[in-house]
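For reference, the structure is listed below as structure tokens.
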Amino acid sequence: MLDVVLIALLSVVVIIGSPLSNARGKAAVDWLQNTVKLYARRIQLPNRS
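In terms of the working numbering, the sequence shown is residues 99 to 147.
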């Protein structure tokens with residue numbers, strides 16, 4: 099279930115990031131990427147430890 103959410107977030111980052119080159123678009127993409135990284139850490143740490 100969480101893997102599906104991650105894939106959806108990554109696809110949103112790609113879709114939003116490709117047409118937008120202004121500062122607001124870049125800030126949104128950076129925020130989404132950071133959010134995806136946080137979710138990835140939350141998923142990986144409990145499963146591996």
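Note that CB positions come from ideal geometry on N, CA and C, so glycine has one too. A quick note: this is a predicted structure, and the numbers were derived from the prediction, not measured.
inquiry  = Going by beta-carbon coordinates alone, are residue 88 and residue 136 separated by less than 8 Å?
reply    = What is shown of the chain runs 99 to 147, which leaves residue 88 out entirely.
ask   = Assuming residue 138 contacts residue 104 under a Cβ cut-off of 8 Å, what Cβ separation, rounded to an integer in Å, is found between them?
value = In the sequence shown, residue 138 corresponds to position 40, counting from 1. In the sequence shown, residue 104 corresponds to position 6, counting from 1. Contact check for residue 138 and residue 104: beta-carbon distance about 7 Å, within the 8 Å limit, so the pair qualifies.
inquiry  = Let me check understanding here. Comparing Cα to Cα, which of 122, 128, 102 and 100 lies closest to residue 111?
reply    = One-based indexing of the sequence shown puts residue 111 at position 13. For the options 122, 128, 102 and 100, the alpha carbon positioned closest to that of residue 111 is the one of 128.
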